[in-house]
Amino acid sequence: METEAAVDGSKEAALAGSIAGLTESFISLEKARESESSVESATATLSFPAPENGGDCADGLWELPVEQALRRPECSRCSRPQKVCLCPFLPVHPLHISTNLYIIQHPAEENKVLRTVPLLAACLPQDKVKVKIGRRFSEERDPELSAICRNPGTLILYPGAEAINLEELISNSPNHLSTIIIIDGTWSQAKDIFYKNSLFRLPRQVQLKTSVSSQYVIRTQPTNRCLSTLECAAVALSILEKNDHIQETLLRPLQALCSFQLQHGAQIRLSKEHLLKNGLYPKPMPKNKRKLRKMELLMNSVKI
12 METEAAVDGS
22 KEAALAGSIA
32 GLTESFISLE
42 KARESESSVE
52 SATATLSFPA
62 PENGGDCADG
72 LWELPVEQAL
82 RRPECSRCSR
92 PQKVCLCPFL
102 PVHPLHISTN
112 LYIIQHPAEE
122 NKVLRTVPLL
132 AACLPQDKVK
142 VKIGRRFSEE
152 RDPELSAICR
162 NPGTLILYPG
172 AEAINLEELI
182 SNSPNHLSTI
192 IIIDGTWSQA
202 KDIFYKNSLF
212 RLPRQVQLKT
222 SVSSQYVIRT
232 QPTNRCLSTL
242 ECAAVALSIL
252 EKNDHIQETL
262 LRPLQALCSF
272 QLQHGAQIRL
282 SKEHLLKNGL
292 YPKPMPKNKR
302 KLRKMELLMN
312 SVKI
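So the sequence shown is residues 12 to 315, counted in the working numbering.
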């Protein structure tokens, strides 16, 4: 909107007062008001409303175009930015599996940059892996998940008090195990989801008996035995499908992701258990008795 070049004294003072309140990048415009052409150019650039219409001179700033932050283009398969695409490390064709995999993902995990679930999903057939995001699930809200949890062939990977080792279950179970549920989130998030959703206490609980340390070294784990969601799925599917090649294939993109991050400034993250045992924990010990008890259990290698 244009402003008249001839400005009387009162209007000139109002213009000066408005410009004085802007950021330092606009202060030069206040000095330029002495020249009629400079005032006209500056006010036109800032889209100030015409004073004769009773508008506040600074209101026109809201009309300035806002520069939108553009997200980097993402690969449609691995969901990574195209410049750091991990598709060369994914299998050419999705792995052939008979087991159905359900990932129950905490909402906080959905937007994390270095999440592993998209890599896992990219390696498997679309009809064999489903990701359900949320904290609360019920039979009314999700009849499909309810039916899955009630199926005798469904397992849930959760190392609770009633969990049995997956390998032992496979060798002793006469039933066909068709589905496994894995909760994706931090330990406290997974615990919250498990105990606040009665559906997840219907399937048989299983745990992984493995001495393998996590290769997801760019993210801190509670203990040396904790694995990422992708790693849990890799081990579980290799046991259920009786095929070690599945574990090797699923871990390949995770290894590539960690390698790339370490080459570009990321640091290896040791587990809280390791840091506590070796006196390297960087934060002060919590004053809360419950949290302090958890720290003590970690230091004594007790499952929490």
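Using N, Cα and C, we set each Cβ at its ideal position, and we do this for glycine too.
The structure presented is a predicted model; accordingly, all values stated were derived computationally and were not measured.
Look at residue i and residue j and say whether their C-beta atoms are less than 7 Å apart.
{"i": "P293", "j": "Q218", "result": "no"}
{"i": "T127", "j": "L210", "result": "no"}
{"i": "Q258", "j": "S270", "result": "no"}
{"i": "L97", "j": "A267", "result": "yes"}
{"i": "V142", "j": "L112", "result": "no"}
{"i": "D195", "j": "Q116", "result": "yes"}
{"i": "A244", "j": "I193", "result": "yes"}
{"i": "P136", "j": "S90", "result": "no"}
{"i": "I279", "j": "V228", "result": "yes"}
{"i": "Q93", "j": "P105", "result": "no"}
Report, in whole angstroms, the separation of the C-beta atoms of residue i and residue j, which I expect to be a contact under 8 Å.
{"i": "N176", "j": "K220", "result": "4 Å"}
{"i": "T110", "j": "E252", "result": "6 Å"}
{"i": "T260", "j": "C134", "result": "6 Å"}
{"i": "P118", "j": "I144", "result": "6 Å"}
{"i": "R263", "j": "F100", "result": "5 Å"}
Look up residue i in the DSSP assignment and give the residues it is bridged to.
{"i": "I114", "result": "V142 and I193"}
{"i": "V217", "result": "L168 and I175"}
{"i": "P92", "result": "E85"}
What residues in its chain sit with their C-beta under 8 Å from that of residue i, if we drop five residues either side in the sequence?
{"i": "R161", "result": "L213"}
{"i": "H285", "result": "N235 and L291"}
{"i": "D255", "result": "S249"}
{"i": "S189", "result": "S109, T110, N111, N162, G164 and T165"}
{"i": "A174", "result": "Q216, V217 and Q218"}
{"i": "K207", "result": "R146 and R147"}
{"i": "L125", "result": "I229, R230, L268 and Q272"}
{"i": "E178", "result": "K220 and I250"}
{"i": "H107", "result": "P136"}
{"i": "V95", "result": "F271"}
{"i": "R301", "result": "none"}
{"i": "L265", "result": "T127, L130, Q226, Y227, S239, L241 and E242"}
To which residues of the same chain is residue i closer than 6 Å at the C-beta, ignoring the five residues directly before and after it?
{"i": "F205", "result": "Y169 and F211"}
{"i": "S149", "result": "none"}
{"i": "S282", "result": "Q232, T234 and N235"}
{"i": "S199", "result": "none"}
{"i": "E45", "result": "The pLDDT assigned to E45 is 45, lower than 50, so where the model puts this residue is not dependable, and the model offers no usable value."}
Which two residues bound the contiguous alpha helix (DSSP H) that contains residue i?
{"i": "Q258", "result": "D255 to Q274"}
{"i": "T240", "result": "T240 to L251"}
{"i": "Y206", "result": "W198 to Y206"}
{"i": "S224", "result": "Run containing S224: none; DSSP gives neither H nor E here."}
{"i": "C98", "result": "C98 -> no alpha helix (DSSP H), and no H or E assigned at all."}
{"i": "K283", "result": "K283 to K288"}
{"i": "C160", "result": "P154 to R161"}
{"i": "P129", "result": "V128 to C134"}
Going by beta carbon distance, what residues of the same chain come within less than 7 Å of residue i, once the five residues before and after it are set aside?
{"i": "N299", "result": "none"}
{"i": "S225", "result": "Q232, C237, L238, S239 and E242"}
{"i": "N186", "result": "P163 and G164"}
{"i": "S222", "result": "none"}
{"i": "S157", "result": "E150 and L210"}
May I ask whether a heavy atom of the ligand FAD can be found less than 6 Å away from the beta carbon of residue i?
{"i": "L248", "result": "Summarising the ligand content, the structure contains no ligands, and the ligand FAD is consequently not present."}
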